[in-house]
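Q: The sequence shown begins at 320 in the numbering used here and counts up by one.
Cβ atoms here follow ideal geometry from the backbone N, Cα and C, with glycine treated the same way.
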Amino acid sequence: MDISKVNLIVFDEQENFEKTKDFLGYEGSTIKRLFCIQNEPQLKNIIDNILEDEDCLFLVVHVFGKSPNLEGIQKFLATDIPDKYPLLEYIYISDGAKQDEIQHLMISNGILPVKEVYKYYKVKDGLKSDQFNVVTKKELLENIENKTISPREITLSNNENEYHYPYAIFTALYDEFEPLNSFIDWDESKSINTGTTIYKVGRIKNTDKEVVGTWARKTGMIDAAILVTEMIHLFKPAFVIMPGVCGGEEKTNFRDIIVATDVFLLGKGKIKDVTAKDINTNTSQKVELFYNGNSFSKNNLIDKDGKTVEIIIEKFEKEHNSEESSSEIEYLIKPKNSEILKELNKLFTNQEEINIHFEPMACSLSVIDKEDYFECNIKSIDRKTKAVEMESYGVARAVKLANGGKTKFIICKSVMDKTSNKVDGYKKPAANISAQFVKYILEKDII
């Protein structure tokens, strides 16, 4: 859309508006006009006395994310604006606080629906790409006259109609979800709100493929398993797709894509004592203790008072439980490897060539930042393992248990680091590449 034709209404304190308005656009240039309001009568005056019938308008609400009760949202919801103008779409904006922090505050303060929060500069991008729905004054007033209700937010209960979408996309965090916006037309009017999570609904651009998507507010397999289970229960998808970023094995390149053939839980096993019987019957259990370079027996230790000191030696027996991906996934995608790689490497030129690996993926309970950990602790479980991250096992278990095997998972993450000397420099490029991989397999009907 040509945003120079848009009248942007900003719900904000006047002082903050004056400080930040240039981040939203320049009147008469990048935006038609900017208005600051604090209540519904001010909005009514703008609509009735300033705007023409064909003038477009859009509303943004400054959340005041650094205030513990989200003062901006609370004040906005206390007005009659959302009820009186149901066709007027609005978004929340923040100039500082992170989206996941603000959304946690929304939940803790009982603010529903839990909506996305955008940085100021994202408003122009969203308007240009038609991500946001702009309405004319005429449409707005006709909607009020006819008393029609916008289906902007839908709250599901157990007895309501079922919604079916063949593709469900889940990411660990919003940073990994955001690149999907480049090829999915999200229809905010179809967003589905459960009270704690908003599921976005849209289509892959230039196709008729419908998708539903969301992201977790916290990393880790617990939130991943809960949300994916709910997605499967609500939408009955054929595929759950999880793009994003991961840590790679030493021989992978940054930005390589790992398609998980199976995923296993790292750190699961049994802790037990090493007994004398273990040592006598199994030479691999032999334990030697040293102090200042001299060996000593654990059975002959005393403290300064002459009392015997008992040393208990424990061992950890690793348990290798894995969840395999459907062989159909590899069968569908692998033959298209060369054309997928050609497209991806064409998009990301002048950088190290991207490869696609169909190999096992480890799922850890913790962030790993330790030299040689991958080789010593992860590959000792499965030598073919190419990646480690923190959500895949939860996703795989949810898919296996929640829909009688009718849903399949595709976990396709891009390497952002090598699990030591961790930096975030490759995170954004890796998230973009992973998203483009998903775009290609959906656009080209590979799945």
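Measure from the alpha carbon of residue 542 to the alpha carbon of each residue in 579, 709, 553, then state which is nearest.
A: If we check each option's Cα against that of residue 542, 709 comes out closest.
Q: Where does residue 709 sit, in a helix, a strand or coil, going by DSSP?
A: Coil at residue 709, not helix or strand.
Q: Nearest by alpha-carbon distance to residue 515: which of 522, 534, 505, 497 is it?
A: Among 522, 534, 505, 497, the Cα nearest to that of residue 515 is on 534.
Q: Answer yes or no: do residue 715 and residue 564 have a C-beta to C-beta separation smaller than 8 angstroms?
A: Not a contact, by the Cβ cut-off of 8 angstroms.
Q: For residue 436, name the three-state secondary structure that DSSP assigns.
A: DSSP places residue 436 in strand when its eight states are reduced to three.
Q: Just the Cα atoms here: how many angstroms apart are residue 570 and residue 503?
A: Distance between the alpha carbons of residue 570 and residue 503 is about 33 angstroms.
Q: Going by Cα to Cα distance, which pick from 757, 437, 441 is closest to residue 312?
A: What the structure shows of the chain is the stretch from 320 to 766, and residue 312 is not part of that stretch, so it cannot be assessed.
Q: Within 10 angstroms of its Cβ, does residue 586 collect 16 or more other Cβ (buried), or is it exposed?
A: Result: exposed.
Q: Output yes or no for whether 8 angstroms exceeds the beta carbon distance between residue 566 and residue 691.
A: Cβ atoms of residue 566 and residue 691: not closer than 8 angstroms.
Q: Looking at the secondary structure, which residues open and close the alpha helix (DSSP H) in which residue 545 lies?
A: Residue 545 -> alpha helix (DSSP H) spans 540 to 554.
Q: In or out: residue 428 buried (at least 16 other Cβ within 10 Å) or exposed?
A: Classification for residue 428: exposed.
Q: Of the residues 499, 539, 334, which one's Cα is nearest the Cα of residue 521?
A: The shortest C-alpha separation from residue 521 is found at 499.
Q: Give me the DSSP bridge partner(s) of residue 355.
A: Note: residue 355 sits in a beta bridge opposite 329.
Q: Any heavy atom of the ligand MN closer than 7 angstroms to the Cβ of residue 501?
A: The ligand MN is absent from the structure shown, which contains no ligand whatsoever.
Q: Tell me whether the stretch 343 to 359 and the stretch 435 to 455 touch, counting them as touching only if at least three CB pairs, one residue from each stretch, are closer than 8 angstroms.
A: Yes, since at least three Cβ pairs between the stretch 343 to 359 and the stretch 435 to 455 fall closer than 8 angstroms, the two stretches touch.
Q: Given a cut-off of 8 angstroms on the beta-carbon distance, is the pair residue 761 and residue 528 in contact?
A: For residue 761 and residue 528, yes; Cβs fall inside 8 angstroms.
Q: Which residue comes first and which comes last in the beta strand (DSSP E) that contains residue 429?
A: Run containing residue 429: none; DSSP gives neither H nor E here.
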